[in-house]
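Have a look at the structure below before the remarks.
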Amino acid sequence: MKDSSSTLDEIDRRILTALQRDGRLSNQDLAARIGISPSPCWRRVRALETDGVIKGYAALVDPAALGLTVSVFTQVSLERQEEKALRIFEAAVAEWPEIMECYLMTGDADYLLRVVVPDLAAYERFLMQKVTRIRGIASIKSSFALRTVKYRTDLPIG
């Protein structure tokens, strides 16, 4: 993907803002909302997709509606921060659907995970049957979210 942030014009930014708020907008509705005709709107959306600015489309699902009521932020520190150890850890976490996000960090821990599970017993199983079985983990610290204060999926497009 090329760096498109400097080449986006105001129309592209309005397209992205509208699609982030409602990815199901028809091209007709999107064009009307941003004030251009449908053909150039369609071409711009396709170009944003081709350039990798738009990575995909998804439905936002309420975790509680699926019984996934526990969110845990898990800090993982490795014994060594070697490339091989990082690759092994990252390959493992990429396979686990409970992990919604994983970040390589600076600071006290090497990784920060956001884990979503139905209950505390499920989190314990997740830790014991998956995370702790990865070789080279030095420590795991878990913080449980009490409630969501702010959650966004749309990026702040200037």
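In this text, residue positions in the sequence shown follow my numbering: the first is 129, and each later residue adds one. Where a beta carbon is used, it is the ideal one built from N, C-alpha and C, also for glycine. All values derive from a computational prediction rather than experimental measurement.
Can you tell me whether DSSP reads residue i as helix, strand or coil?
{"i": "residue 196", "result": "coil"}
{"i": "residue 229", "result": "strand"}
What residue does the beta strand (DSSP E) around residue i start on, and which one ends it?
{"i": "residue 251", "result": "Taken as a continuous stretch (DSSP letters only), residue 251 belongs to no beta strand (DSSP E), being part of the alpha helix (DSSP H) at 248-257."}
{"i": "residue 266", "result": "265-272"}
{"i": "residue 152", "result": "Element bounds for residue 152: n/a, residue is neither H nor E."}
{"i": "residue 181", "result": "Residue 181 -> no beta strand (DSSP E), and no H or E assigned at all."}
{"i": "residue 241", "result": "239-245"}
Apart from the five residues just before and just after residue i, which ones in its own chain have a Cβ nearer than 7 Å to its Cβ?
{"i": "residue 275", "result": "none"}
{"i": "residue 248", "result": "198"}
What is the C-beta distance between residue i and residue j, in whole angstroms, given that I count them as a contact (C-beta under 8 Å)?
{"i": "residue 226", "j": "residue 272", "result": "Between residue 272 and residue 226 the Cβ distance is about 14 Å, and since that is not below 8 Å, they are no contact."}
Please return the same chain residues whose Cβ sits closer than 8 Å to the Cβ of residue i, not counting the five positions on each side in sequence.
{"i": "residue 196", "result": "244, 245, 246"}
{"i": "residue 169", "result": "143, 155, 158, 159, 162"}
{"i": "residue 153", "result": "146, 147, 161"}
{"i": "residue 208", "result": "264"}
Would you tell me roughly how many angstroms separate the C-alpha atoms of residue i and residue j, rounded to the nearest one?
{"i": "residue 160", "j": "residue 166", "result": "8 Å"}
{"i": "residue 216", "j": "residue 194", "result": "31 Å"}
{"i": "residue 175", "j": "residue 280", "result": "25 Å"}
{"i": "residue 277", "j": "residue 233", "result": "23 Å"}
{"i": "residue 191", "j": "residue 228", "result": "11 Å"}
{"i": "residue 181", "j": "residue 260", "result": "36 Å"}
{"i": "residue 220", "j": "residue 186", "result": "24 Å"}
{"i": "residue 262", "j": "residue 252", "result": "15 Å"}
Over the uninterrupted alpha helix (DSSP H) stretch that includes residue i, give me the two end residues.
{"i": "residue 283", "result": "Looking at the DSSP string, residue 283 is not in any alpha helix (DSSP H), and its letter there is neither H nor E."}
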